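Working notes for the structure below.
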Amino acid sequence: MNLLEKASQIDLNKYQYELPEERIAKFPLEKRDHSQLLVYQKGNIQHQHFYDIKSHLPENSSLIFNNTKVIPARIHFQKQSGAKIEIFLLSPLEPTPEVAQAMLAKKKCIWHCMVGNRKRWKIQDQLERFFETEYGKIQVTATYADYEQNHIQFEWDNDAVPFVEIVELMGTTPLPPYLNRTATDEDKPRYQTVYSKNEGAVAAPTAGLHFTDTILKDIQKSHSIHELTLHVGAGTFQPIKAENVLEHDMHCEQIQIDKSTIEFLAQSENPITAVGTTSIRSLESAYWFGVQLINKEARTFHITKLYPYEKGFDELPRRKESFQAILNYMKAENVESLHGDTEIFIFPGYEFQVVNGLITNFHQPESTLILLIAAFIGEKWQKVYDEALKNDYRFLSYGDSSLLLP
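Following the UniProt record's numbering, the numbering of the sequence shown begins with 1 at its first residue and continues without gaps.
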């Protein structure tokens, strides 16, 4: 039986656990780095605090962070009738589907969105808001570009203002649905990593929320630090509902990796610790693009959901070889940054090609992220989660952290 046949028989009930509502952290701790840290290393578990993480990192290891920046993706309008409409930005369509460029759009743009209270927003209605800004008064309107598909066109009457500033004017922090509360002013800085740079995520890479500038400086004294960007989508919260997990619709997310990070991966044999599941998905996806380049399969960085499992590779290149192939490609294309996207689905049976350690929060039961954790540390994931529950760890986005070293 091959891996895909085995995966089709995964019993999701085995990835279920009882998560009491009171264990879901509804608010961040006062100090980022005072969260609890569960250290799992080769079957052994220790309970620490995040401010001590440096002492538990593998010697000479390198950390790779996702530097995406959360945008205030929940946008509210009020109709003249008083009806309130919420528009949640999902992904850009025009003038470009590339998030980084779409955030710089001027005058108008179209996004695929989720619409709250949709029944009160008719196809012909134009929503509008007005703002006083340093550029003067700005009118922002929203109309349906495609009613059936929830494609929304935004227009604003000042061509000096990019869409990222319009979103900052109008939007609120897109807290995960399981927090079941309205965002506060405190969430704007706290649902954001201290090293965030590239706008475009509609959910935070939450493993990074525990880091402070002080911890980062301390880590850099003995470990190298590198960055990439994966713009986290709302699909990250989507539970698996299909009986056959292979039928789960994996969300596609955009990745950007600068040449300096690719060069490091092509040269170094240091252990790699990924900060978050988004970093691990980015790194493993990039590896598979290198495989495609070596095998002359593709010249475009797009990793489909099941690509790593479908080919039945007899022999795979080492990490350095794969990233050297990407570096050669970037030099040939004369690009300083690798852009692509991934739908990669990592579940038990997957063999990790790049990453040796993972820093991550505690995830929802029966989710794709629990399957990723089970793929990374095997059946011991249950022991890790049992220990966390017994020791009053806080769960999900604003919850505590773990360092997993299989």
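Just so it is clear, CB atoms sit at the ideal spot from N, CA and C, and this is done for glycine as well. Predicted model, so just to flag it, every value in this text is computed and none were measured.
Around the CB of Val245, 16 or more other CB atoms lie within 10 Å, so the residue is classed as buried. Of all C-beta pairs linking the segment 219–239 to the segment 315–334, fewer than three are shorter than 8 Å, placing the two stretches out of contact. Put simply, the segment 290–305 does not touch the segment 381–393. Fewer than three CB pairs are less than 8 Å apart.
Note that the segment 35–51 does not touch the segment 344–352; fewer than 3 beta-carbon pairs, one per stretch, sit closer than 8 Å.
In terms of Cα proximity to Ala325, the closest of Phe264, Trp121, Pro176 is Phe264. In the displayed model, Thr214 falls within a helix according to three-state DSSP. Fewer than three Cβ pairs drawn from the segment 370–381 and the segment 285–297 lie within less than 8 Å of each other, which leaves the two stretches out of contact.
If you draw a straight line from the Cα of Asp185 to the Cα of Ile359, it comes to about 27 Å. Here Tyr135 is exposed. Its C-beta has fewer than 16 other C-beta atoms within 10 Å. Taking every protein chain shown into account, the CB of Ser35 has 16 or more other CB atoms within 10 angstroms, so this residue is buried.
Straight-line spacing of the CA atoms in Glu199 and Glu168 works out to 11 Å.
Under the 8 Å Cβ criterion, the segment 54–62 does not count as touching the segment 194–214, having fewer than three qualifying pairs. The segment 97–104 makes no contact with the segment 125–142; the number of CB pairs closer than 8 Å stays below 3.
Per the DSSP secondary-structure output, Ser62 pairs in a beta bridge with Ser224, Ile272. The continuous beta strand (DSSP E) containing Ala145 extends over residues 136–146. Residue state for Ala234 is assigned as helix, using DSSP reduced to three classes. Only exposed fits Arg181, as fewer than 16 other CB atoms lie within 10 angstroms of its CB.
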